[in-house]
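The block underneath contains the structure these notes are about, expressed in structure tokens.
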Amino acid sequence: MQTDTDRLVAHVARLGEEHPPIPMDSVDFTVNDPAGFGARFGHVLDYMARVELEVDRNVLEISTMLPNPPEVDKRFYAEVWQPQEIQHGLILDRLQQVLGRPPADTDLDHVGLKLKVLGLLAHLEPFQDVCRMLYYLTGMATERSAVIAYNLLHNGVIETGEQAVAETVIAPIKRQEPGHYAFYQLSARAHWATLAAWQKWLVRHMRRISFAPVGVNNVKQLADFGDVMETLGVDHEGRDLAADVARVEQELLWARDRGLPVPDYVTRAFREAVEAARARAA
Ligand SMILES: [Fe+2]
Ligand SMILES: [Fe+2]
3 MQTDTDRLVA
13 HVARLGEEHP
23 PIPMDSVDFT
33 VNDPAGFGAR
43 FGHVLDYMAR
53 VELEVDRNVL
63 EISTMLPNPP
73 EVDKRFYAEV
83 WQPQEIQHGL
93 ILDRLQQVLG
103 RPPADTDLDH
113 VGLKLKVLGL
123 LAHLEPFQDV
133 CRMLYYLTGM
143 ATERSAVIAY
153 NLLHNGVIET
163 GEQAVAETVI
173 APIKRQEPGH
183 YAFYQLSARA
193 HWATLAAWQK
203 WLVRHMRRIS
213 FAPVGVNNVK
223 QLADFGDVME
233 TLGVDHEGRD
243 LAADVARVEQ
253 ELLWARDRGL
263 PVPDYVTRAF
273 REAVEAARAR
283 AA
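Take 3 as the starting number for the sequence shown in this note's numbering and just add one per residue.
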């Protein structure tokens, strides 16, 4: 019978074969109306370029927080995830500069004190298992957000008539995100099933106090994220970003609390982002 690990190993191998990092010379950076395009989507590209480039810091965070990751995780980070994401970042950053905007302002090497403390505790195996679960949950929410954002951005770019950007920048990037999401979802489901009741309790508690939207580490970035949500129209036409991003998290962590369709900390974080953006604009 195929185990969860077998499934993950096969998934990572397939991603490695089917999705090599996007070569820079495959991209056509032709933009017909750089000023108009920059005015509409420049801040979105800026946000996404930063988050993608910060994968290098994420890798540092993982090695701090999880001193002994499983082999399949190491392979995913080294052979699939980091090489693909860094290329997304470099391509988006170059596009920004084609539009006459400054390159992304990234934080590539600052691992916060909280994570360092978690990393020390994680030398205790049962605690590392809690940290791993938190990391998979973050990965799931982040990659699901990326899938949604690139789909909406792709539609928006097509609307502007910037064919080259839609076809050679956004479309290839958006094809690589669902595989990342699938990795974190498979990992989260498999790992959750192995945790003891006290570990699950700790995961729920720590997740509730630490959840943040992707790429948000401070108040400015919270408002930036709110602006991205507004421009992409994530909550238009009855879509609910929080429900979509947290669907599996809700099912795994909170299924026993019937009634709430979305964890309240997720809804609150997204609402605060929109409020921060509006307050800044006013
Ligand atoms: Fe990406
Ligand atoms: Fe990704």
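Glycine included, each C-beta is placed from N, C-alpha and C at the ideal position.
Item checked: As assigned by DSSP and simplified to three states, the class of T285 -> In the structure as shown, the chain begins at 3 and stops at 284. Residue 285 is therefore absent and cannot be evaluated.
Next item on the list: Note down the Cα distance separating G158 from R177, rounded to an integer number of angstroms.
Entry: 16 Å
Check: From E56, H182, A184 and V149, pick the residue whose C-alpha is nearest to that of I172; which is it?
Finding: I172 has its Cα closest to that of V149, out of E56, H182, A184 and V149.
Margin query: Once DSSP output is grouped into helix, strand and coil, what is the label at A214?
Written below: DSSP places A214 in coil when its eight states are reduced to three.
Notebook entry, point to check: Is V216 near A143, with beta carbons less than 9 Å apart?
Noted result: yes
Margin query: Considering Cα atoms alone, identify which of D58, Y183, D109 and T66 is closest to L115.
Written below: T66
Item checked: DSSP state of L101 mapped onto helix, strand, coil -> coil
Next item on the list: Please list, in chain order, all residues with a C-beta atom less than 6 Å from at least one heavy atom of ligand 2.
Entry: E87, E145, A148, E179 and H182
Item checked: DSSP-derived helix/strand/coil call for F31 -> Three-state DSSP puts F31 in coil, outside helix and strand.
Notebook entry, point to check: When you compare only the Cα positions, how much space is there between D131 and Q252?
Noted result: 19 Å
Checklist line | Coil, strand or helix - I24 by DSSP | finding: coil
Notebook entry, point to check: From what residue to what residue does the alpha helix (DSSP H) around T269 run?
Noted result: D266 to A283
Note to self: Less than 7 Å between C-beta atoms, sequence neighbours within five positions excluded: which residues of the same chain meet that for Y138?
What the structure shows: Y186, S189, A190 and H193
Check: Per DSSP, what kind of secondary structure is A166 in: helix, strand or coil?
Finding: helix
Note to self: Just to confirm my understanding: we take I93, look at its own chain, exclude 5 residues before and 5 after, and list those with CB closer than 8 Å. What are they?
What the structure shows: I24, M26, V29, V171 and I175
Check: Taking the continuous alpha helix (DSSP H) assigned at N60, which residues delimit it?
Finding: V57 to M67
Notebook entry, point to check: If you drop the 5 nearest sequence neighbours on each side, which residues of the same chain put their C-beta closer than 7 Å to that of A51?
Noted result: G91, L94, D95, Q98 and A106
Note to self: Taking 8 Å as the cut-off, is the beta-carbon of H90 closer than that to any non-hydrogen atom of ligand 1?
What the structure shows: yes
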